[in-house]
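Trainee: Read the sequence shown against the UniProt record's numbering and you will find it ends at 244, with the numbers running on by one and no gaps. We treat Cβ as the ideally placed atom computed from N, Cα and C, and that holds for glycine.
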Amino acid sequence: MAKLKIDVNDLHKSFGKNEVLNGITTKFNEGDVVCIIGPSGSGKSTFLRTLNGLEEITSGTVIVDGYDLSNKKTDLNQVRQEVGMVFQQFNLFPNMTVLDNITYAPLELKKLSKSEAHDKALDLLKKVGLSDKADAMPEMLSGGQKQRVAIARALAMDPDLMLFDEPTSALDPEMVGDVLEVMQNLAKDGMTMLIVTHEMGFARKVANRVIFTDGGEILEDNTPDQVFDNPQHPRLKDFLNKVL
Ligand code: ADP
Ligand code: MG
């Protein structure tokens, strides 16, 4: 039995009067690779952000790796050390080299020695195919390279879970494949991953589960084959007609 990683129960999130998450209940297990699809504005980013404490929960419970995020006393910094996140816009530190971007958090938070952090960063750069970019500044990199550095930076904290929020949406088409390949390799290595994406081919190939959200609710949660070949909910059918 894999260890249960995430347990979300009747999660609601509002911004003022705008109810964005409308009662989400789901579980994710260790090793799950779950793609979350759905129209823009359906609450996908908000949902991911609640899983590492970037959004305060309005009601319901969210337990991640044993941390109760619905409890205000929970140490969010501790949670974030175990949950890596990759954003659409990379969010690299612009004034630091690639290497310093990757070693910064491990040096500050994990108290690794400089040489340990350095060696680890070089290993990770190799893994994402950027061994030659350690000393580059982010502005010298293409979007796809920046995103692979962002993935390496998140992995440098040895997270138990990786959250990806549309990691390829800001990239030129020719850059998308390299980033997806890095993610596919991570999945193969057994990383637990939740991925908001519009890359339906990737979702079908790499995910063991696909969740369709609309209006802040999960409307379908099934294997990729079922979701793509045998969609049930009319709004999922409509969505797939538009994107496929
Ligand atoms: P998605 O990622 O599916 O496109 P989001 O989670 O980004 O959807 O947004 C869902 C809704 O929540 C949108 O109506 C958006 O305007 C609103 N929203 C998201 N973040 C905030 C915020 N920080 N303050 C106010 N409204 C927000
Ligand atoms: Mg979003």
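So, under 8 Å CB-CB, D221 and T26 are touching, yes? Tell me the CB distance rounded to an integer number of Å.
Mentor: Right, their Cβ atoms sit about 7 Å apart.
Trainee: Going by the CB atoms, is the gap between L11 and L163 shorter than 8 Å?
Mentor: No.
Trainee: Shorter than 7 Å, the distance from the beta carbon of F239 to the closest heavy atom of the ligand ADP, or not?
Mentor: Because no heavy atom of the ligand ADP lies under 7 Å away, the Cβ of F239 does not count as near it: no.
Trainee: Would you identify the three-state DSSP class for H233, choosing helix, strand or coil?
Mentor: Three-state DSSP puts H233 in coil, outside helix and strand.
Trainee: The ligand ADP: which residues have Cβ under 5 Å from any of its heavy atoms, chain order?
Mentor: Qualifying residues, in the order they occur: F15, V20, S40, G41, S42, G43, K44, S45, T46.
Trainee: Which class does M1 belong to by DSSP, given the choice of helix, strand or coil?
Mentor: Any answer about M1 is weak, because its pLDDT of 47 lies below 50 and its placement is not dependable; what the coordinates show is given next. In the structure shown, M1 sits in coil (DSSP, three-state: anything other than H, G, I, E or B).
Trainee: Report the residue ranges of all beta strand (DSSP E) runs contained in full by the segment 96-178; include only those spanning at least 3 residues, in chain order.
Mentor: Within the segment 96-178, the complete beta strand (DSSP E) runs of at least 3 residues are 161-165.
Trainee: Could you pull the DSSP bridge partners for F212 from this structure?
Mentor: Its beta-bridge partners are I37, E220.
Trainee: Between D165 and the ligand MG, is the CB less than 7 Å from at least one heavy atom?
Mentor: It does: the Cβ of D165 is within 7 Å (strictly closer) of some heavy atom of the ligand MG.
Trainee: Please go through the segment 54-94 and give each complete alpha helix (DSSP H) segment of 4 or more residues, from N-terminal end onward.
Mentor: Whole alpha helix (DSSP H) segments, 4+ residues: 76-82.
Trainee: With a threshold of 7 Å on Cβ separation, who are the neighbours of A117 within its own chain once the five nearest residues in sequence on each side are excluded?
Mentor: So the list reads T103, P106, L107, once near-sequence residues are dropped.
Trainee: Taking the beta strand (DSSP E) that M193 belongs to, which residues open and close that run?
Mentor: First-last of the beta strand (DSSP E) with M193: 192-196.
Trainee: To the nearest angstrom, how far is it from the Cα of G53 to the Cα of V86?
Mentor: When rounded, the distance between both Cα atoms is 14 Å.
Trainee: Let's test the definition: count the other Cβ atoms within 10 Å of the Cβ of N101 and tell me whether it reaches 16, buried, or not, exposed.
Mentor: The residue is buried, with at least 16 neighbouring Cβ atoms inside 10 Å.
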